[in-house]
Amino acid sequence: MDKKYQPIIGMEVHVELKTASKMFCGCKNDPFGAPKPNIYTCPVCLGLPGALPVANKKAIEWTISLGLALGCKINLFSKFDRKHYFYPDLAKGYQISQYDLPFCYDGEINTSFGKIRIRRIHLEEDTGKLIHSTINNKKMTLIDFNRSGVPLIEIVTEPDIKSASQAKEYAKKLFQIIRYLDISEADMEKGQMRLEANISLQIQNSKTKNQNNQLPNYKVELKNINSFRFLEKAIEAEIKRQEEIINEGKTPTQETRGYNAEKNITYSQRAKEDASDYRYFPDPDIPPIKISESWFESIKKNMPENYDYLLSRWEKEYGAQKSTLSLLFETNTQSKWLDGLFSYFKKQNLDTKKLINFLVNKKIKVNLFVDNYQKIISVFNQSISTSQIDEEEIDKAISQAIKENPQAVLDFKSGKKNAINFLLGQTMKILGKKTDTKIIIEKISKKIF
Amino acid sequence: MKINKVLVKKIAQLAQIPVSEKEEEKLAKGFEKTIEIVDELFKVDVFEVQPIHQVTSLENIFREDKIDEKRMFSQNEALNQAKNKHNGYFVVDQILEED
Amino acid sequence: MKNKLTLKKAIELIDKKEVSLKEIYDDILKVYKEKNKELNIYLSFDENSFEKAKNEKNKPLRGLPIAIKDNFLTIGFPTTASSNVLRGYMSHYESTVTKKIKEAGGILIGKTNMDAWAHGSSTETSDFGPTKNPRNPKYLPGGSSGGSAASIASNMAIASLGTETAGSIRQPASWCGVVGLKPTYGRVSRYGVIAMGSSLDCPGPITKTVEDSAIILNFIAGKDEYDGTTSNVPVLDYTKNLKKGIKNFKIGICYIDHPDISSTIVAKKTLEAGKVLENLGAKVELISTSKTLEKNKILSHEYAIGVYTVVQRGEVSSNLARYDGIRYGNNRSCFGSEAKNRIILGTYTLSKGYADKYYIYAQKVRHLYVKNFKDLFSKYDVLISPASPSFALPSGASQGNPMFGELQDMLVEPSALAGICGISVPMYKDEETNLYLGLNIMSDYFQEEKILQTAWAYEQKTNWNEWKNI
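Chains as they are written, first to last, in our numbering: chain G, 44 to 492; chain V, 14 to 112; chain B, 36 to 505.
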């Protein structure tokens, strides 16, 4: 039964951009921080009669920078389209989105399992927020339009993802790049980054030739997943569920499913309406967008160094591992600050690798991205000298304690584990100050055996 | 082209227009007559003609990313014309709960 | 009767202190009280507007009363677009155009009746009852800006504002014997105007004289940061060269050789209008109508009906999607039958499998009309045609015809689809019925000055305008 089915997974990720104002009007873009519902609204985002949209330039530039960061091609001629459907959180009865000319297409993200192709990245507007509630014993739905019209990008992959852990790695990497570009907080708890996975299983059959070109004739859309860990678990659970259905000789239903983390199962939300017909057409209210060479170049110029290049460069120049380095920062403002710090250290012939380890393990008390470099150098130097003296002192104290208590040493050697605590106590007494007991215990046992 | 009531019903659903049985018939008739006239269009040769979606020749009309306080509504202004509201929210009958 | 003053004259006489603003308001109120019940022109009317007006005397429009079509969002008046869906709706924001009128010292005196959602050419499809033609109440005023045109014809306002998608200013102006100017698409802001066909809609003045239209255009034209489709092309003072004459203008006469029109009175009167223009020094020639795109010929208007129907109804179905009764207004069961007709057809032509067949095809034919005008305006300064294929039709004529509006407006649809400017001026009055015909004068994008010059020159040489000598 092993590897009988190959999961075929594509992802759609929505990310709210953190522009100051909304996508098509000047309302404040801060739905999560709003003190009251329906206060960041105007004729445009409430869909009032006669209101017209005007696109936010920064949101367009940010979308293009993300595309460039993911190696996408850019549609130099683009437009916004109306996508029609009815839902109480959609003020105009249509969402302004992009249909056949998204800003970005054909990019990729590398994972340790292989390359994932990005099909497209487009820019659209978010909807209002629905809250389900009971008022006077009647079940009602409340609507808040503070989120209506917030710029939203959608990043769509090809179905290149082969496992739950690859999906998780993809999502994490995408998150890192978005945070690095500093175009969104991408806080999943706040709904600023929303993950969706389309999952189906392909039956592995070595005898059939064209097997890899033939995608399964169904897909299940997993929605409402709000962490990387749950993404992995939800996909695993869904793969298992689909395997069982196929093993019974059936085909899973094409539908949208949610994930229940407590029970670790996916559950049906709604069958995909085949009636969905969005009636796209170019929004006549918004003139098309032409990206001139000079505009394109200025967007490029304002982009930070490529995230992967940055980590590789740091690894080479400063000696720490990429995975360690990535823990130190999120945004490019932070990385630029760090870059300055590292090169400053290096110029003074200080040990950048040690600095990085100290920073990651929080061994020195500094305010990252705030303190000036000189202050950090002095804290770093101090901590090196104290930690060196400490080591010598500790070694000395342990030797003394062992020498003075041969019985305890014997007891410990013969298996009495408690004896080491006695030795620890003696060592501490000789040292006369508090130190990390774990290190001392380690050192004592090393010395005895 | 023959337009039947089934098609009208389907489209009315898509457009969320409530129509009665009687209206369906009337709408189907009007629909058919209109399509007849519209179909005259296909006499025009549009070989190698690009569709035109707007006549202004404008491009790249944007806003700077600035908050426009003067256009923002107070909560009361936002809700004022709504029939159903509660504690600063618009209200509709319960719709499908997603989670 | 001081309500009969033109805008130009009223400003002049107020400045000379020969007429007081109070007299004008009193006379307007008097005729409103006498006739509005019968004619059903205003849906809402501020009887106390003089109180507001008297503080505006030093502003360009001197506090004069302006009638506003009920699809402009206005603070202080309900805005309904003559639909039950918006019955009683009070806007918290003001359209750019009415805001500009107010800033110039114009007073919104009331909101005028229209075909519901501007769907139609009769003002019979209003959910608040039909408007009657003040020239002869047995007849339709045209539409959809029928209320605004009637407010001028009945002297219930000094000037008015309407909107046109294809004909909705020029056709009622023609039927009511007044002047209606449809500016170039993008010349006047659509912000705060209830959208009908977004790629076509254009607000414009409906007035007693050509000069009045030029004055109003001066105040409403221009770029609007809230409407991304408005143009940066500089706004002229349209009154400055108004009386310069049309010597050596090259003028082409359109559509009158078409078999449906050639033997009608409108063809005859349009030819006569051409003669008048020729006598004014213009070079006038007939342009032949062609069923295919040909150089120096005008592409037949008959395809414009299909293009216009598909594009406009597609956009209508989209623009009316927001009316769900949740945030304002009533729910979707309150749409009248004409709106339902259009939503159904528009939804169909945009739906899966049909968008290419209808919507895209229509936009290709639309492109042909754009190319056609571009070609013709490389040769002609202005083009003229009848504004409407007939005199006003009798009340009830629109009923049961789902294409009434499109058919009535067919002669102005090509120009609306291309987005060029046009103006309708009275060109004939039938003494027996007291009904009018209008001459449609068109020019290239942003050439409002040329059509105003032509219309003004023509107006001076003809006797149809009862106001010009007041």
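Where a beta carbon is used, it is the ideal one built from N, C-alpha and C, also for glycine.
All of these numbers come straight from a predicted model, not from anything done at the bench.
| Query | Result |
| --- | --- |
| 7 Å Cβ cut-off: residues of chain G touching N93 (chain V) | Within chain G, no residue comes near N93 (chain V); the closest Cβ sits about 11 Å away, beyond 7 Å. |
| Spatial neighbours of G114 (chain G) in its chain, beta-carbon cut-off 7 Å, leaving aside the 5 residues before and after | G150, E151 |
| Rounded C-alpha distance that separates L27 (chain V) from I286 (chain B) | 48 Å |
| Contact test: L371 (chain G) Cβ vs the ligand ATP heavy atom, cutoff 7 Å | Looking for the ligand ATP in the displayed structure turns up nothing, as the structure carries no ligands at all. |
| Residues near L258 (chain G) in its chain [Cβ-Cβ closer than 8 Å; skip 5 each side] | I51, P202, S243, Q245 |
| Inter-stretch contact at 8 Å, needing at least 3 Cβ pairs: the stretch 145 to 158 of chain B / the stretch 172 to 190 of chain B | yes |
| Within-8 Å CB hit, D230 (chain G) to chain V | no |
| Selection from B:A356, B:S352, B:K94 that minimises the alpha carbon distance to G381 (chain B) | B:S352 |
| Reference N190 (chain B), options B:Q434, B:S450, B:D61, B:A151, closest by Cα | B:D61 |
| Member of B:K409, B:I103, B:R170 whose CA lies at the smallest distance from the CA of S430 (chain B) | B:R170 |
| DSSP-derived helix/strand/coil call for N189 (chain G) | helix |
| Beta-bridge pairing of V223 (chain B) - partner residues as DSSP gives them | B:A256 |
| Simplified DSSP state of A194 (chain B), which is helix, strand or coil | strand |
| Exposed unless 16 or more other CB atoms sit within 10 angstroms - verdict on D112 (chain V) | Low local confidence applies: a pLDDT of 42 at D112 (chain V) is under 50, so the model's placement there is unreliable, with the coordinate-based value given in what follows. That one is exposed. |
| Y323 (chain G) classed as buried or exposed, judged by whether at least 16 other C-beta atoms fall within 10 angstroms | buried |
| Interfacial residues, the stretch 132 to 148 of chain G to chain B, with Cβ spacing under 8 Å | A134, K135, G136, Y137 |
| I136 (chain B) beta carbon less than 8 Å from that of L42 (chain B) | no |
| CB-CB length for S130 (chain B) against G221 (chain B), believed under 8 Å | The pair is not a contact, with the Cβ atoms about 16 Å apart (cut-off 8 Å). |
| Where A95 (chain V) sits in the DSSP three-state scheme | coil |
| Identified DSSP bridge partners for F177 (chain G) | The residue asked about is misnamed: residue 177 (chain G) is Thr in this sequence, not Phe. Partner(s): G:K182. |
| Residue-chain proximity (C70 (chain G), chain B), Cβ-Cβ < 8 Å | no |
| Integer-rounded CB distance, given that E197 (chain G) should sit under 8 Å from E55 (chain G) | 6 Å |
| I103 (chain B) versus B:P218, B:T242, B:I49, residue with shortest Cα-Cα distance | B:T242 |
| Interface residues of chain V facing S352 (chain B) [CB-CB closer than 7 Å] | A28 |
| Closer than 8 Å at the beta carbon, the chain V residues around V342 (chain B) | L54 |
| DSSP bridge partner residues for P100 (chain B) (one or two, in chain order) | B:I142 |
| Members of the stretch 91 to 117 of chain G near chain B, C-beta cut-off 9 Å | L91, P92, G93, A94, L95, P96, V97, A98 |
| Start-to-end residues for the alpha helix (DSSP H) that takes in R401 (chain B) | 396 to 412 |
| C-beta neighbour in chain V for S64 (chain G), strict 8 Å | yes |
| Buried/exposed call for K472 (chain G), threshold 16 Cβ in 10 Å | exposed |
| Distance, E69 (chain B) Cα to W210 (chain B) Cα | 22 Å |
| Span of the alpha helix (DSSP H) around N400 (chain G) | 395 to 403 |
| Integer Cβ distance of I10 (chain B) from I63 (chain B), believed to fall under 8 Å | Since the first residue shown for chain B is 36 and the last is 505, residue 10 (chain B) is missing from the structure and cannot be characterised. |
| Buried or exposed (CB count within 10 angstroms, at least 16 for buried), K276 (chain G) | buried |
| Bounding residues of the alpha helix (DSSP H) (the contiguous stretch that carries F455 (chain G)) | 449 to 456 |
| Simplified DSSP assignment, three categories, for T344 (chain B) | helix |
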